[in-house]
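Below you'll find the structure, written out as structure tokens, and then a few comments.
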Ligand SMILES: Cc1cc2nc3c(=O)[nH]c(=O)nc-3n(C[C@H](O)[C@H](O)[C@H](O)COP(=O)(O)OP(=O)(O)OC[C@H]3O[C@@H](n4cnc5c(N)ncnc54)[C@H](O)[C@@H]3O)c2cc1C
């Protein structure tokens, strides 16, 4: 089979460290540019956080199954000369989620602004009207941010200056540089206490941040996500992984599992050799580190500036983690919802944000995300995710605190009418931030990369081209443009397009 290649990296040797979504996207683009590519994955399977967990008849996705980026994936496949639909099909999710208030009232997050406005009108007619008039204005601003920021390689502070130079992106530059929070931004525009604030809270949660702490500047990327809509791959997130693996192997990308990279040697300031456990040292002209950038920097030949830079990266605060429970139930849990994702809103969102992001202790009543996997073989699959702080010196998960947290979450679900009585649970897997740290090699178990709750966050993420060594590039949820699956894919594409 003829492999599509534009030849711009012909004869170059590229090594991708980490076989998650970002690493696979980078490998495919590097190959499409003609490089010889080797992916090294420390784990026993390639796929990183995309790898589903199989429990009985269910393949539980790592996080949510909905995805804001089939378009990004479509562009990646087209870049490699293929059609995404030949590998995996996506269906729109409508409603994308059902939000349940503590008193049981519900709000369906619809894809179309008209239908969403109808929902909001149940809480506030004025807000519904406002949503309709603001949408068009937001749409062009969100597109400007996307063109200037998310789809461009990271530029750190220069990115903010460049946004400021484009009148269409001024609202983003202004809100990115403002200390106002996302929730403050929404409250200024909408009068109602219910409705849009909860919709934005749900959108923000997909990026692992709290609207009460995250900057207003995040609003436009979230609006872009809302415009892209929520999609689900036929076969779940595991099918996205399969599609990426199939394309990578069609393109002759070599993948090695159980290969842990420990050193990236440089010569005259450029990457030269990659070495570690489980593989023979490899010569490389390009290295894409699709993993924690602080760890990648620490792998470089340790000169004084490199050690200092690695320490600076290490000190950057990591973002939220999660506490997840996957359940197989004997009988249907009878979740009253027409959406695959149901979010049970906690009674005190501000307090929960303060506990998770400020005190770095588990929140007593966080929002609970429920993913309904439906019925199979007479059994019911349910995945429960609550966002919690990453593991720090302040809070360590132990068998006792894990058991307490599990009980607290299940009690709230029972109160909300979901049948998770012990006698209805056939099998379960509980994962705390400590397990996420171990399973994915993530600092503190941070599932959403770096902390996104300060206005500077977007500009502090490591850019694609590392200033530390020529030929070293960063990708993944810790790098620009940030966490969430579609952004991790985008970061891999940007890293590979930036190469040399
Ligand atoms: C519980 C949970 C909830 C989530 N919720 C959402 C959500 O709501 N919305 C959303 O969009 N996304 C969500 N995600 C995140 C999404 O899955 C990630 O953003 C995306 O998969 C990250 O891809 P990545 O390639 O950056 O990282 P990873 O998938 O973690 O890949 C990095 C890979 O690098 C490997 N590696 C690390 N160090 C080395 C080394 N030294 N040598 C070799 N290999 C190495 C690791 O083993 C890993 O396989 C969630 C994830 C989880 C687990």
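In this note's numbering, the protein residues as written are 1 to 500. C-beta atoms are modelled at their ideal positions from N, C-alpha and C, and glycine is treated no differently. In this text, all values refer to a predicted model and were calculated from it rather than measured experimentally.
Straight-line measurement puts the Cα of residue 67 at about 8 Å from the Cα of residue 233.
Judged by beta-carbon spacing, residue 445 lies beyond the 9 Å limit of residue 462, meaning their Cβ atoms are not closer than that value. For the options 6, 22 and 14, the alpha carbon positioned closest to that of residue 484 is the one of 22. Look at the beta carbons and you see the stretch 169-189 touching the stretch 203-215: at least three pairs across the two are nearer than 8 Å. Each residue's CA atom was taken as its position, placing residue 251 and residue 83 some 14 Å apart. For residue 3, the secondary structure class from DSSP, reduced to helix, strand or coil, is coil. Between the beta-carbon of residue 480 and that of residue 154 there is about 3 Å, and that keeps the pair under the 8 Å contact cut. One Cα belongs to residue 103, the other to residue 344, and the distance between them is close to 10 Å.
In this structure, the C-beta of residue 432 stays at least 8 Å away from each heavy atom of ligand 1.
Secondary structure in the stretch 76-140: the beta strand (DSSP E) runs of 3 residues or longer, each lying completely within the stretch, are 90-92, 97-100 and 106-109 in chain order.
Residue 459 has its alpha-carbon roughly 13 Å from the corresponding atom of residue 175. For residue 490, the uninterrupted alpha helix (DSSP H) run begins and ends at 485-498, by DSSP. Here residue 8 is exposed: its Cβ has fewer than 16 other Cβ atoms, across all protein chains shown, within 10 Å. Relative to the non-hydrogen atoms of ligand 1, the Cβ of residue 465 never comes closer than 8 Å to any of them.
No Cβ-Cβ contact shorter than 9 Å links residue 469 with residue 360. Remark: C-beta atoms of residue 367 and residue 346 approach each other more closely than 9 Å.
112 is the residue among 141, 112, 143 and 140 whose C-alpha sits nearest the C-alpha of residue 128. Using a cutoff of 8 Å, the CB of residue 205 counts as near ligand 1, since one of the ligand's heavy atoms is closer than that. Where residue 241 is concerned, the enclosing alpha helix (DSSP H) starts and stops at 237-250. Taking C-beta atoms under 8 Å as the contact rule, residue 39 and residue 253 qualify, at a distance of about 6 Å.
For residue 426, the enclosing beta strand (DSSP E) begins and ends at 425-431. The DSSP assignment places 260-267, 270-277 and 286-289 as complete runs of the beta strand (DSSP E) inside the stretch 258-307, in order along the chain (cut-off: 3 residues).
Shortest gap from the CB of residue 297 to any heavy atom of ligand 1: 8 Å or more. The stretch 439-457 makes no contact with the stretch 277-288: fewer than 3 CB pairs, one atom from each, lie closer than 8 Å. Taking residue 119 as the centre and dropping the five residues before and after it, the same chain places the C-beta of 107, 108 and 110 closer than 7 Å to its C-beta, in chain order.
The Cβ atoms of residue 492 and residue 288 sit closer than 9 Å to each other. With a threshold of 16 other beta carbon atoms within 10 Å, residue 295 meets it and is buried. The alpha-carbon of residue 73 is positioned some 27 Å away from that of residue 173.
When distances are taken from the beta-carbon of residue 210 to the heavy atoms of ligand 1, even the shortest one reaches 8 Å or more. Taking C-beta separations shorter than 8 Å and ignoring five residues to either side along the sequence, the partners of residue 414 in its chain run 420 and 421, following chain order. In chain order, 244 and 248 place their CB closer than 6 Å to the CB of residue 24, counting only its own chain and leaving out the 5 sequence neighbours on each side. Residues of the same chain with a CB within less than 8 Å of the CB of residue 336, apart from the 5 flanking positions on each side, are 417 in chain order. Within the same chain, Cβ atoms closer than 8 Å to the Cβ of residue 52 are found at 59, 60, 61, 62, 236, 237, 238 and 241, the five residues on either side in sequence being excluded.
As the crow flies, the alpha-carbon of residue 500 is around 52 Å from that of residue 329. Here DSSP, grouped into helix, strand and coil, assigns residue 17 to strand. The alpha-carbon of residue 426 is positioned some 50 Å away from that of residue 177.
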